[in-house]
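Plus 4 on top of the position in the sequence shown (first one is 1) and you've got our numbering.
Think of the CB as a built atom: it goes at the ideal place given N, C-alpha and C, for glycine as much as any other residue.
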Amino acid sequence: MAFLSLHRLYPVFLAAAILMMAGQVIAVPVNASLEYSCVFPLIEEQPLSVEISADMPEIIAPGQSTGAFQIQANAQVSAESWNGLSFVGTHVLAGKVEAQSSISGQGVDLPLTLPMTITDKTLPDEIGAFTVAASGETPPLTFTEANQGEVNIRVGDLVMLLQPRDGNGNPTGLGDFESECTLMPGQDDVLHTLTVTGSNNTEQDFEFAGESLIKESAVLPLEGMLQISSTAAGSSLSGELQLEDSSIDVSIIRFFKTLSLDARVSFDTVGELGGTVSNGNMTVQQEISMTLNNLRLKVFGFPISQNNGQSCTTGEPVALSLSTPAGESFDPLTGGRLTGKYTLPAFAGCGVMTELVNRFLAGPDNTLNIMMSPQS
């Protein structure tokens, strides 16, 4: 089987790509410090320093939603503003903010107004600058192939709808008022730049190792490689599974291994691989056939019967179904564990040992446990 080698790709992009295919978005912290000039009643024009923070994606694929951005803003209000608010009897300051912003890039120029709510702020007892917090949420954004490249998220002016309240929770003599805040010139108004990728197809190779416990007695070591491929618009995946040859040793009479079966085991995939990757969980479904090569019946470790040249193979495909165990997660940077149960169909073509093989190997409730890690 042919597999895509990813060792030349930058690891961070790799992680972003695989999470995008899983319908997830990698968000990074975004921060900006901006200066505004605001017009207030009584005290007229006053400076306002605003610290903005959010988590936003660096990479997004066409057709993939960014999800909503949670925006937090902390504004430092001047001592003069405190003086004016205190003069009219303000005890608590509340209100709302309409924050102007824009999304611009290849084929997109979108103005946005972000509504934010001011957390009730009790004015300090003494004159001085103080901090007011506000928070809001942007609408989700989705880009198309036509928007490939860099997209800038810019910050603009503010309109504050302020509600000063006295100690009894009633409006002050000033009443509710509107304050327009203009972004001071000469500042970088780009809050964040994200990249819309040129392709929404993603592939990655994983190595895995583990074992299958058959009939609670025979251990079948498993090693191989899994290539998964998907589009960022959904969580379904396709790909290829490759299982390396293994070996099995089954004790029929366990006392000093009086009687046992051993064989080399080979695998072939049947049909297409399917599955999902979503919210840190992976599922994989694949049918395979299993063949026992060089099958031997031994007494005290010495062969007394050997199946040479015959095809001792499962008569029907083995339906494997694996998933991330409860309480665990799949991480594209480190991989993760997959477990499952399956039924081993009856074998055919094993010669005189066919009945013995099926008695000790064929049947339900066999377990799988493998650990996947990205191929280096």
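Closest by CA to residue i, which one among the options?
i, options, result
"GLY109", "SER69, SER82, ARG158, VAL101", "ARG158"
"GLN104", "VAL92, ALA83, ILE75, HIS95", "ILE75"
"LEU162", "VAL356, PRO329, MET120, VAL92", "MET120"
"VAL303", "LEU226, THR280, ASP266", "ASP266"
"GLY345", "SER216, PHE91, GLU207", "Note on residue identity: the sequence assigns Lys, not Gly, to residue 345. Residue SER216 is the option with its Cα nearest to LYS345."
"SER377", "GLY177, GLY339, PRO321", "GLY339"
"GLY132", "GLY99, LEU89, PRO115, GLY153", "LEU89"
"ASP129", "THR117, GLU220, HIS95", "HIS95"
"ASN87", "LEU114, LEU127, GLY67, GLU62", "LEU127"
"VAL254", "THR318, GLU62, LEU360", "LEU360"
"ALA65", "ARG341, THR148, ARG268", "THR148"
"ILE107", "PRO45, THR197, THR287", "THR197"
"GLY214", "GLU62, THR343, VAL54", "THR343"
"ASN3", "ILE56, GLN246, GLN289", "The chain is shown from 5 up to 380; residue 3 falls before or after that span and cannot be answered."
Output the boundary residues of the beta strand (DSSP E) element that contains residue i.
i, result
"ASN297", "285–303"
"LEU330", "Note on residue identity: the sequence assigns Ala, not Leu, to residue 330. From DSSP, ALA330 is part of no beta strand (DSSP E); its letter is neither H nor E."
"MET376", "367–378"
"GLU102", "96–109"
"MET188", "Element bounds for MET188: n/a, residue is neither H nor E."
"PRO134", "The sequence shown places Phe at residue 134, not Pro. Per DSSP, PHE134 belongs to the beta strand (DSSP E) from 134–141."
For residue i, report the span of its alpha helix (DSSP H) as first-last.
i, result
"PHE364", "358–364"
Given this structure, state the Cα-to-Cα distance separating residue i from residue j, to the nearest angstrom.
i, j, result
"MET164", "VAL101", "4 Å"
"LYS357", "LEU324", "Contrary to the premise, residue 357 reads as Met rather than Lys in this sequence. Each residue's Cα considered, the two are about 25 Å apart."
"THR243", "TYR40", "The sequence as given places Gly at residue 243; Thr does not occur at that position. GLY243 and TYR40: Cα-Cα distance of roughly 53 Å."
"ALA138", "GLU182", "16 Å"
"GLN208", "LEU365", "34 Å"
"THR414", "GLY173", "In the structure as shown, the chain begins at 5 and stops at 380. Residue 414 is therefore absent and cannot be evaluated."
"LEU52", "GLU84", "11 Å"
"ASP59", "ASP369", "45 Å"
"SER264", "ASN362", "14 Å"
"ARG300", "LEU337", "42 Å"
"SER270", "ASP249", "5 Å"
"GLN379", "LEU348", "29 Å"
"VAL112", "GLY153", "11 Å"
"GLU332", "PHE44", "54 Å"
Contained beta strand (DSSP E) runs [length at least 3] in the stretch 31–92, N- to C-terminal order: 31–44, 48–61, 74–81
Contained beta strand (DSSP E) runs [length at least 3] in the stretch 157–185, N- to C-terminal order: none
The stretch 135–149 in contact with the stretch 76–91 per 3-pair CB rule at 8 Å: yes
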